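Novice:
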Amino acid sequence: MNVAPNEIVERIASFLDLADLRSLSLVDRRSARCCHRFIFTDVAVLHTAPCLSEFETLAGSAPLPTKHLWIYHGTWPACARDDWEAWQSPATYTHDRVLSDRPARDAFRAYYGFVNPSRLVRGELDQAQLGSIVSLLPHLRKVTISSVVRKRLGCLEDGRRPEQRHAIRVSPTVFDSIGDLADRVFALLPAFGHIQSIHIQGKLLNFPKPTRLEGVRELKISALSLLASKTQSFTDFMTSFPNLTSLSLSPYRHLGLVFPLHAFRYPSLQTASFAGFWLSRSTFLQFFERHGELSSLVLEEVILSDSNWAFVSSELGCKSRVLEIVNCY
């Protein structure tokens, strides 16, 4: 369906009586014109100017009862296939470590020319259009900001490698951050108090400016990249959610940095989950005592820099019943 002409997509859709279809992906912008008859509670849109325009047309044609909106960082060739195939001379494989020959260097240069944000994103115009789209979704409760994760060639079954080798065109690198997209989305959120849940999945290297989001009850960041130089901007960003009841944080990779858990203050917090961080004993105890309403605290692969979890659990006594420790040291 992703490569079918619009006429074929519309023809197929005319035979479908699926008024309760629940999910829509607009990453290829081909199906927007024939989807007005369906009910979508989950919608995914690619953050490029053409896709936002198609989605605005769809959302404005009839009320959508959408509750969950996925916004994908839209500069990867994997999800902007039409544009990539027409872009200069696309390579079948590109990686920043494979630069020993001229074709690899040319492919790498073409890739970064393609993902230049100024080519596919219109800055303030896209932000205004995204705000217009969200205003057309009065039932929206959850927003996910994501990057499209490429399945690595080595993870494919041996029998499928030849057929998939040309479909997987590039290898995303650490430079593919969703930070700019997060900035644009968070600049809009104060005007939409009905949004209760935010999920960020993708490398977040720079944190949006703090803003007051009192309606947000759930926050999940699943690829946090926290450098020592970014600690203050991260803690400032986390003050944007004074009424959190659920918090989940996990890093992009272990950095050996003691996580600033002591800076968190959420009086209504009930459940929390942290994975892959370093903590100090005093930092953890301070967080635990400050959040007396916790009914569940899950720690996975969390390392104490100056103590051990058996000792800390004994210090907590009966309060440790809300604590679940998985592969922690």
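For the sequence shown, UniProt numbering begins at 1 and goes up steadily by one.
Ideal placement from N, C-alpha and C gives every residue a C-beta, glycine not left out.
Computed from a predicted model, the values in this text were never measured in an experiment.
#1: Based on Cα-Cα distance, which residue from Tyr252, His291, Ile221 lies nearest to Phe264?
#2: Alpha carbons only, please: which of Gly202, Arg184, His194 is nearest the one belonging to Leu136?
#3: Taking the straight line between their C-alpha atoms, what separation do you get for Lys209 and Ser233?
#4: Identify which residue in Asp183, Val216, Cys328, Cys51 has its Cα closest to the Cα of Leu244.
#5: From Leu247 to Ala272, what distance separates their C-alpha atoms?
#6: Can the beta-carbon of Lys203 be found closer than 8 Å to that of Ile221?
#7: Can you tell me the Cβ-Cβ gap for Asn295 and Val322, rounded? I've got them flagged as a contact below 8 Å.
#8: Could you pull out every residue in the same chain whose Cβ sits closer than 8 Å to the Cβ of Asn327, ignoring the five residues on either side in sequence?
#9: Counting along the chain, where does the alpha helix (DSSP H) carrying Gln286 start and finish?
#10: Quick check: what's the CA-CA separation for His289 versus Ile198?
#11: Please classify residue 349 as buried or exposed, where buried requires at least 16 neighbouring CB atoms within 10 angstroms.
#12: When DSSP builds the beta bridges, which residues end up paired with Phe274?
#13: Of all the options Val45, Val143, Lys142, which has the alpha carbon lying nearest to the alpha carbon of Asp126?
#14: When you compare only the Cα positions, how much space is there between Asp96 and Ala275?
#15: With H, G and I counted as helix, E and B as strand and the rest as coil, what does DSSP make of Ser240?
#16: Classify Cys318: buried if its beta carbon has 16 or more other beta carbons within 10 angstroms, exposed otherwise.
#17: Please look up how many angstroms separate the CB atoms of Leu69 and Val143, rounded, as I've assumed it's under 8 Å.
#18: Quick check: the Cα distance between Leu249 and Leu297, rounded to an integer number of angstroms?
#19: Identify which residue in Gly60, Tyr266, Ala128, Ile71 has its Cα closest to the Cα of Ser240.
#20: For Leu64, does the three-state DSSP call read helix, strand or coil?
#21: On the CB-based measure, 16 or more other CB atoms within 10 Å of its CB, does Ala223 come out buried or exposed?
#22: If you reduce the DSSP assignment to three classes, tell me which class Thr57 lands in.
#23: For Asp306, which residues of its own chain have a beta-carbon under 7 Å away from its beta-carbon, when the five flanking residues on both sides are left out?
#24: Please classify His199: does DSSP put it in a helix, a strand, or coil?
#25: Throw me the rounded Cβ distance for the Val134 and Phe192 pair, which I believe falls under 8 Å.
#26: What separation, rounded to the nearest whole angstrom, lies between the Cα atoms of Leu189 and Leu52?
#27: On a Cα-Cα basis, can you pick out the residue from Lys230, Leu219, Val43 that is closest to Thr66?
#28: Does DSSP put Lys220 in a helix, a strand or coil?
#29: At the level of alpha carbons, what is the spacing between Glu54 and Leu316?
#30: For the alpha helix (DSSP H) that contains Leu316, what are its first and last residues?
Specialist: So, from the listed chains and residues:
#1: Sequence index remark: in the sequence shown, residue 264 carries index 264 (1-based). Residue His291 is the option with its Cα nearest to Phe264.
#2: Indexing the sequence shown from 1 puts residue 136 at position 136. Measuring from the Cα of Leu136, the nearest candidate turns out to be His194.
#3: Position 209 of the sequence shown, counted from the first residue, corresponds to residue 209. Position 233 of the sequence shown, counted from the first residue, corresponds to residue 233. Whole-angstrom Cα-Cα distance: 8 Å.
#4: In the sequence shown, counting from the first residue as 1, residue 244 sits at position 244. Comparing Cα-Cα distances from Leu244 to each of Asp183, Val216, Cys328, Cys51, the minimum goes to Val216.
#5: As a position in the sequence shown, residue 247 is number 247, starting the count at 1. As a position in the sequence shown, residue 272 is number 272, starting the count at 1. Spanning the two alpha carbons is a distance of roughly 5 Å.
#6: As a working mapping, residue 203 is identified with position 203 in the sequence shown. As a working mapping, residue 221 is identified with position 221 in the sequence shown. Their beta carbons are not under 8 Å apart, which means Lys203 does not touch Ile221 by this criterion.
#7: Residue numbering aside, residue 295 sits at position 295 when the sequence shown is read from its first letter. Residue numbering aside, residue 322 sits at position 322 when the sequence shown is read from its first letter. First, the residue type needs correcting, since residue 295 is Ser and not Asn in the sequence shown. Contact flag correct, Cβ pair sits at about 6 Å.
#8: To locate residue 327, count along the sequence shown from 1; it is residue 327. Taken in chain order, the residues that qualify are Glu300, Glu301.
#9: Within the sequence shown, residue 286 is the residue found at index 286, counting from 1. Segment 281–290, the alpha helix (DSSP H) holding Gln286.
#10: Position 289 of the sequence shown, counted from the first residue, corresponds to residue 289. Position 198 of the sequence shown, counted from the first residue, corresponds to residue 198. Residue identity check: residue 289 is Glu in the sequence provided, not His. So the two alpha carbons sit approximately 26 Å from each other.
#11: A query on residue 349 cannot be resolved here, the shown segment of the chain reaching from 1 to 329 and no further.
#12: For the purposes of this step, residue 274 is taken as the residue at position 274 of the sequence shown. Per DSSP, the beta bridge partners of Phe274 are Leu249, Leu299.
#13: Here residue 126 corresponds to residue number 126 of the sequence shown, with the count starting at 1. Answer by Cα proximity: Val45.
#14: Position 96 of the sequence shown, counting from 1, holds the residue named residue 96. Position 275 of the sequence shown, counting from 1, holds the residue named residue 275. Residue placement at Asp96 is poorly supported in this model, since its pLDDT is 44, which falls under 50; the coordinates are not used for a value here.
#15: Position 240 of the sequence shown, counted from the first residue, corresponds to residue 240. Ser240: coil per DSSP, three-state reduction.
#16: Along the sequence shown, read from residue 1 onward, the residue named residue 318 stands at position 318. That one is exposed.
#17: Taking the first residue of the sequence shown as 1, we reach residue 69 at position 69. Taking the first residue of the sequence shown as 1, we reach residue 143 at position 143. Yes, Leu69 and Val143 are in contact; Cβ-Cβ is about 5 Å, under 8 Å.
#18: Reading the sequence shown from its first residue, position 249 is the one you call residue 249. Reading the sequence shown from its first residue, position 297 is the one you call residue 297. In a straight line, the C-alpha of Leu249 is about 12 Å away from that of Leu297.
#19: In the sequence shown, counting from the first residue as 1, residue 240 sits at position 240. Nearest C-alpha to Ser240: Tyr266.
#20: Start at 1 with the first residue of the sequence shown, and residue 64 comes out as number 64. DSSP places Leu64 in coil when its eight states are reduced to three.
#21: Walking along the sequence shown from the start, residue 223 turns up at place 223. That one is buried.
#22: Within the sequence shown, the letter at position 57 stands for residue 57. Helix at Thr57.
#23: On the sequence shown, position 306 is the one that residue 306 refers to. Contacts found: Ser280, Arg281.
#24: Taking the first residue of the sequence shown as 1, we reach residue 199 at position 199. Reduced to three states, the DSSP call for His199 is strand.
#25: What you label residue 134 is simply residue 134 of the sequence shown in a count that begins at 1. What you label residue 192 is simply residue 192 of the sequence shown in a count that begins at 1. Rounded, the Cβ-Cβ distance is 6 Å, consistent with contact.
#26: Your numbering for residue 189 matches position 189 in the sequence shown. Your numbering for residue 52 matches position 52 in the sequence shown. C-alpha separation (whole angstroms): 17 Å.
#27: In the sequence shown, the residue the question calls residue 66 occupies position 66. For the residues Lys230, Leu219, Val43, the minimum Cα distance to Thr66 belongs to Val43.
#28: Residue numbering aside, residue 220 sits at position 220 when the sequence shown is read from its first letter. The three-state reading of DSSP puts Lys220 in strand, counting E and B together.
#29: Within the sequence shown, residue 54 is the residue found at index 54, counting from 1. Within the sequence shown, residue 316 is the residue found at index 316, counting from 1. Their Cα atoms are separated by approximately 55 Å.
#30: On the sequence shown, position 316 is the one that residue 316 refers to. Residues 309–316.
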